[in-house]
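Shown next, in structure tokens, is the structure this report addresses.
Protein chains: 2
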Amino acid sequence: MSQKQKKLPLYIQIKNKLVSNIKDGTWKPGVSIPSESRLIEQYNVSRTTIRQAIREMVQDGILETSRGAPAKVKEIPEESVGNPGIVHHEIGTEMSVIILRMEKSRTHYSAKHHLSLPETAEVFFMERLRTADGIPIAIQRSFFPVEAGETIEQAAEKEFDLFPALGERGIYHTNIKEHVSAANATQEEADLLGMAPGEALITIERTTLGIDAAPIEYSMTKYTPKAFNYTIELE
Amino acid sequence: MSQKQKKLPLYIQIKNKLVSNIKDGTWKPGVSIPSESRLIEQYNVSRTTIRQAIREMVQDGILETSRGAPAKVKEIPEESVGNPGIVHHEIGTEMSVIILRMEKSRTHYSAKHHLSLPETAEVFFMERLRTADGIPIAIQRSFFPVEAGETIEQAAEKEFDLFPALGERGIYHTNIKEHVSAANATQEEADLLGMAPGEALITIERTTLGIDAAPIEYSMTKYTPKAFNYTIELE
DNA sequence: AAAGATTTGTTCGTATGTATG
DNA sequence: TCATACATACGAACAAATCTT
Numbered sequence: 001m002s003q004k005q006k007k008l009p010l011y012i013q014i015k016n017k018l019v020s021n022i023k024d025g026t027w028k029p030g031v032s033i034p035s036e037s038r039l040i041e042q043y044n045v046s047r048t049t050i051r052q053a054i055r056e057m058v059q060d061g062i063l064e065t066s067r068g069a070p071a072k073v074k075e076i077p078e079e080s081v082g083n084p085g086i087v088h089h090e091i092g093t094e095m096s097v098i099i100l101r102m103e104k105s106r107t108h109y110s111a112k113h114h115l116s117l118p119e120t121a122e123v124f125f126m127e128r129l130r131t132a133d134g135i136p137i138a139i140q141r142s143f144f145p146v147e148a149g150e151t152i153e154q155a156a157e158k159e160f161d162l163f164p165a166l167g168e169r170g171i172y173h174t175n176i177k178e179h180v181s182a183a184n185a186t187q188e189e190a191d192l193l194g195m196a197p198g199e200a201l202i203t204i205e206r207t208t209l210g211i212d213a214a215p216i217e218y219s220m221t222k223y224t225p226k227a228f229n230y231t232i233e234l235e
Numbered sequence: 001m002s003q004k005q006k007k008l009p010l011y012i013q014i015k016n017k018l019v020s021n022i023k024d025g026t027w028k029p030g031v032s033i034p035s036e037s038r039l040i041e042q043y044n045v046s047r048t049t050i051r052q053a054i055r056e057m058v059q060d061g062i063l064e065t066s067r068g069a070p071a072k073v074k075e076i077p078e079e080s081v082g083n084p085g086i087v088h089h090e091i092g093t094e095m096s097v098i099i100l101r102m103e104k105s106r107t108h109y110s111a112k113h114h115l116s117l118p119e120t121a122e123v124f125f126m127e128r129l130r131t132a133d134g135i136p137i138a139i140q141r142s143f144f145p146v147e148a149g150e151t152i153e154q155a156a157e158k159e160f161d162l163f164p165a166l167g168e169r170g171i172y173h174t175n176i177k178e179h180v181s182a183a184n185a186t187q188e189e190a191d192l193l194g195m196a197p198g199e200a201l202i203t204i205e206r207t208t209l210g211i212d213a214a215p216i217e218y219s220m221t222k223y224t225p226k227a228f229n230y231t232i233e234l235e
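Here's what the structure looks like:
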């Protein structure tokens with residue numbers, strides 16, 4: 001049954017189709033999408049409808065428009081699909097991750113608490129070193145419920161951000177709570193990050209809630225101050 | 001001559017008029033504005049134009065719409081200072097501020113840029129030392145358009161947060177953008193904060209937009225890492 | 001470099017569906 | 001119940017910027 005689909009406004013349906021074309025790579029960033037007139041023919045709807053769909057996508061930061069030229073897929077529409085209101089990234093062009101540890105663990109009681117798990121539970125623990133242009137910029141310790149472990153294990157080596165992989169497996173996040181503070185580098189952290197022990201690190205603790213409001217990730221990331229970059233936008 | 005005004009699209013002109021009605025208190029928060037049909041008569045334009053003006057204002061967070069009921073002016077209550085979705089505070093029980101400098105200035109070009117002011121403009125500049133339990137924890141440099149200067153000057157000595165005072169004078173903010181990074185303390189900052197030069201400070205740059213989407217404040221605050229505490233919650 | 005075709009931006013008019021009061 | 005008001009959707013025309021020839 002596509003009863004619900006029928007209920008959606010036409011312009012939303014069109015928008016969804018256009019977004020799909022971008023997501024699956026049919027229309028790539030920086031390239032123009034078909035003109036309004038072509039879309040009108042293709043979907044057999046009025047110009048109003050097409051324009052409303054495009055307008056929303058512009059507002060969402062997916063498309064860019066300018067008079068006289070077809071809309072372009074915006075470069076770097078990365079987070080725009082994911083987290084409205086926040087841009088959060090490190091500095092650098094060549095970002096990568098090195099996995100230091102990845103294991104199931106029965107300790108890490110603090111993490112269990114953040115994940116709302118009983119003390120006897122097992123958690124999936126991962127420690128990764130994030131680098132930018134080959135220079136270490138952060139140490140990230142992530143904790144997941146063991147159920148998510150297999151998915152994580154497969155995606156961890158390649159993906160810089162794990163949530164898209166989780167999303168493909170039906171694990172979505174609805175709420176993220178981050179806590180920013182500062183800490184001094186331990187000897188081990190200082191060695192990994194190429195700094196002196198005791199120097200200040202920016203620490204972000206993050207708890208991610210799933211669609212059922214249950215925590216699906218708790219992570220603590222310690223950044224070198226120079227490499228840290230964080231922008232928050234609120235209304 | 002208002003030649004340029006004439007050049008503005010009709011829906012922008014209408015939007016400006018509607019915004020004026022809200023700014024000068026003709027339409028107060030929580031109250032419905034006239035229906036579309038009434039506005040159509042009043043300004044003698046088409047429904048499309050009215051709707052486009054209203055749509056922009058909804059997007060700017062000035063109006064709220066719902067089917068079957070006229071648009072309402074959005075409430076901008078006290079919590080706008082508290083910002084939904086964000087908790088942001090320093091540690092300590094006895095918080096206070098010490099004003100270091102307060103002046104009009106023609107320099108500070110970076111600040112002018114953030115305030116969308118021309119390079120020849122004058123800005124109101126204020127530097128304050130924030131303390132917790134008598135211990136310095138942050139240096140805050142704030143920039144405002146000179147128009148807001150008098151209000152600021154009166155409130156600055158007593159108020160820890162300036163926005164309530166601004167709100168009482170009809171200056172509301174609708175959008176805040178914060179950028180978190182890190183910097184090393186200069187000699188002067190180190191002296192003020194009782195730390196060593198070169199030590200890491202957490203820096204928050206903040207741009208606050210007013211009801212008409214024009215910047216009303218730009219500030220840069222540098223915190224000692226230990227005293228900093230920041231929690232973000234997103235959906 | 002100039003002219004013409006294409007494309008988006010703006011504005012009008014009209015009609016129907018659907019939620020509010 | 002029922003009139004009012006907003007949301008969605010169609011069509012048409014001209015202006016202004018861009019692209020192509």
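Protein sequences appear in the order of chains A and B.
Letter by letter, the first sequence follows residues 1 to 235 of the UniProt record's numbering.
Letter by letter, the second sequence follows residues 1 to 235 of the UniProt record's numbering.
Heads up, the beta-carbon is just placed ideally off N, CA and C, and yes, glycines get one too.
Between the C-alpha atoms of residue i and residue j, what's the straight-line distance to the nearest angstrom?
{"i": "B:P197", "j": "B:T224", "result": "12 Å"}
{"i": "A:L115", "j": "A:I137", "result": "26 Å"}
{"i": "A:L201", "j": "A:L193", "result": "10 Å"}
{"i": "A:I14", "j": "A:L8", "result": "10 Å"}
{"i": "B:V146", "j": "B:T203", "result": "24 Å"}
{"i": "A:M195", "j": "A:M102", "result": "24 Å"}
{"i": "A:R141", "j": "B:D60", "result": "38 Å"}
{"i": "B:N21", "j": "A:G25", "result": "46 Å"}
{"i": "B:T120", "j": "B:S37", "result": "44 Å"}
{"i": "B:K28", "j": "B:K74", "result": "9 Å"}
{"i": "B:S35", "j": "B:E122", "result": "41 Å"}
{"i": "B:E127", "j": "A:T65", "result": "41 Å"}
{"i": "A:G82", "j": "A:Q42", "result": "Residue confidence for A:G82 is low, a pLDDT of 36 falling below 50, so the modelled location carries little weight and cannot support an answer."}
{"i": "B:L63", "j": "B:L209", "result": "16 Å"}
{"i": "B:N214", "j": "A:I33", "result": "First, the residue type needs correcting, since residue 214 of chain B is Ala and not Asn in the sequence shown. Approximately 32 Å between the Cα atoms of the pair."}
{"i": "B:D133", "j": "B:P118", "result": "40 Å"}
{"i": "B:R67", "j": "A:S219", "result": "42 Å"}
{"i": "B:S110", "j": "B:I139", "result": "18 Å"}
{"i": "A:I50", "j": "B:T49", "result": "18 Å"}
{"i": "A:L100", "j": "A:E153", "result": "13 Å"}
{"i": "A:N16", "j": "B:K23", "result": "37 Å"}
{"i": "B:A155", "j": "B:Q187", "result": "29 Å"}
{"i": "A:S96", "j": "B:A227", "result": "32 Å"}
My guess is that residue i and residue j are in contact by the Cβ rule of under 8 Å, so how many angstroms apart are they, rounded?
{"i": "A:A185", "j": "A:E199", "result": "5 Å"}
{"i": "B:F144", "j": "B:E189", "result": "Not confirmed; about 22 Å, so no contact."}
{"i": "B:L18", "j": "B:V45", "result": "Their Cβ separation, rounded to whole angstroms, is 12 Å, which puts B:L18 and B:V45 out of contact at 8 Å."}
{"i": "A:R47", "j": "A:I54", "result": "Rounded, the Cβ-Cβ distance is 10 Å, inconsistent with contact."}
Among the options, which one has its Cα closest to the Cα of residue i?
{"i": "B:V58", "options": "B:G134, B:K72, B:R130", "result": "B:K72"}
{"i": "A:E178", "options": "A:T221, A:G149, A:E150", "result": "A:T221"}
{"i": "A:D191", "options": "A:I135, A:T208, A:S110", "result": "A:I135"}
{"i": "A:A69", "options": "A:V31, A:P118, A:T208", "result": "A:V31"}
{"i": "B:S149", "options": "B:I33, B:K104, B:L39, B:L209", "result": "Looking at the sequence provided, one finds Gly at residue 149 of chain B rather than Ser. B:G149 has its Cα closest to that of B:K104, out of B:I33, B:K104, B:L39, B:L209."}
{"i": "B:I12", "options": "B:R106, B:Q42, B:K23, B:E56", "result": "B:E56"}
{"i": "B:T151", "options": "B:H108, B:F125, B:I54", "result": "B:F125"}
{"i": "B:I176", "options": "B:S96, B:T207, B:A227", "result": "B:T207"}
Buried or exposed: which applies to residue i, given that a residue is buried once 16 or more other Cβ atoms fall within 10 Å of its Cβ?
{"i": "B:R130", "result": "buried"}
{"i": "B:V180", "result": "buried"}
{"i": "A:I98", "result": "exposed"}
{"i": "B:Q52", "result": "buried"}
{"i": "B:T107", "result": "exposed"}
{"i": "A:K112", "result": "buried"}
- Message: Quick check for students: name the residue ranges of the beta strand (DSSP E) that lie wholly in the region 94-121 of chain A, counting only runs of 3 or more.
- Response: 95-105
- Report the residue ranges of all beta strand (DSSP E) runs contained in full by the UniProt domain "HTH gntR-type" (8-76) of chain A; include only those spanning at least 3 residues, in chain order. 63-66, 69-73
- Only counting runs of 4 or more residues, tell me where the alpha helix (DSSP H) segments fall wholly within the region 179-211 of chain B, in order along the chain. Taking only runs of at least 4 residues, the alpha helix (DSSP H) segments lying wholly in the region 179-211 of chain B are 187-193.
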